[in-house]
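Under the numbering used here, the residues of the sequence shown are numbered 44 to 230, in order. For reference, the structure discussed in these notes is given below.
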Amino acid sequence: YSGAMRRRSNKDNPMPLLAIGAALMAIGFLGTLFGNLIKASVSRQREFLADADLRGTPLATALFWMPSIGDVEGTIEGFVQADGTFLDPEVSGQLAVSDGHIELKSFGQRLDGVEGTLLLEGDRITLQDVRARDGDGVTTIAGDVALDGLMPSDVRLRLRATEFPVREEGSIMAAITGDAVLQGSLS
Numbered sequence: 044y045s046g047a048m049r050r051r052s053n054k055d056n057p058m059p060l061l062a063i064g065a066a067l068m069a070i071g072f073l074g075t076l077f078g079n080l081i082k083a084s085v086s087r088q089r090e091f092l093a094d095a096d097l098r099g100t101p102l103a104t105a106l107f108w109m110p111s112i113g114d115v116e117g118t119i120e121g122f123v124q125a126d127g128t129f130l131d132p133e134v135s136g137q138l139a140v141s142d143g144h145i146e147l148k149s150f151g152q153r154l155d156g157v158e159g160t161l162l163l164e165g166d167r168i169t170l171q172d173v174r175a176r177d178g179d180g181v182t183t184i185a186g187d188v189a190l191d192g193l194m195p196s197d198v199r200l201r202l203r204a205t206e207f208p209v210r211e212e213g214s215i216m217a218a219i220t221g222d223a224v225l226q227g228s229l230s
């Protein structure tokens with residue numbers, strides 16, 4: 044950890060929520076893709092090949108299922124390819140988020156300038172330079188989420204904040220400047 048910090052308690056820090064939200068966004072894409080494949084499959088062992096080309100797809104489409112996130116704007120560009128069986132899928136692709144605006148309802152925090160790239164590489168999702176702003180504060184997230192099938196199993200994310208506000212019901216409670224690593228097993 045480096046930098047200065049002004050805050051009331053550890054539970055006020057929205058950065059882990061933002062990191063997990065970015066990872067869940069990628070998992071949501073995979074869930075939607077594979078959900079459609081399940082409907083079409085007669086057998087779980089049946090092999091499949093699926094491609095999705097996303098051009099100007101609304102970011103809200105990927106995050107609609109997350110009740111703590113609201114007022115979503117922005118676009119997703121990229122592609123996803125999946126093949127193999129449902130029990131042992133091989134997924135690859137790249138998704139880029141741009142012009143994103145996301146409200147974290149539970150904190151009353153509006154994130155602007157949300158952008159970044161998600162790489163899907165077999166059993167891993169890599170977040171590349173995912174950024175968000177709140178006022179003059181900036182946060183970035185980068186790292187990997189390992190998958191076991193379609194479920195996240197391990198996470199290693201690097202977070203950096205510069206004067207990033209921590210809000211409660213929209214009011215600034217503190218501003219965070221520093222670096223952190225979020226690492227662990229989810230299984």
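Backbone N, C-alpha and C define an ideal beta-carbon position, used for all residues, glycine too. Here the structure is a predicted model, which is why all the values come from computation and not from measurement.
Per-residue burial, residue i [other beta carbons within 10 Å of its own, 16 or more giving buried]
i	result
Gly186	buried
Arg203	buried
Val224	exposed
Pro132	buried
Gly117	buried
Asp96	exposed
Gly178	exposed
Pro208	buried
Gly121	buried
Gly99	exposed
From the options, residue whose alpha carbon lies closest to that of residue i
i	options	result
Phe107	Asp191, Ser214, Arg167, Glu146	Glu146
Thr182	Val134, Gly159, Gly113	Gly159
Phe91	Gln226, Pro101, Lys148, Thr128	Thr128
Ser230	Ile184, Glu212, Ser196	Ser196
Arg210	Asp142, Gln171, Leu154, Ala93	Leu154
Ile168	His144, Leu200, Ser141	Leu200
Val173	Asp166, Val157, Ser111	Val157
Glu206	Phe150, Thr104, Thr220, Val198	Thr220
Val198	Asp166, Ser149, Ala175, Phe150	Asp166
Cβ pair residue i, residue j closer than 8 Å
i	j	result
Gly136	Gln124	yes
Leu162	Val134	no
Leu130	Val115	no
Leu138	Ile119	yes
Chain B within 8 Å of residue i, Cβ atoms only
i	result
Ala125	In the structure shown, chain B does not exist; there is a single protein chain.
>> Just to confirm the assignment: which complete beta strand (DSSP E) runs, minimum length 3, are found wholly within the segment 115 to 195?
In response: 132 to 147, 152 to 164, 167 to 177, 180 to 191
> Is the segment 186 to 196 touching the segment 213 to 220, taking contact as three or more C-beta pairs under 8 Å?
Replying inline: no
> Going along the chain, which unbroken runs of the beta strand (DSSP E) with 3 or more residues stay wholly within the segment 192 to 218?
Replying inline: 194 to 211
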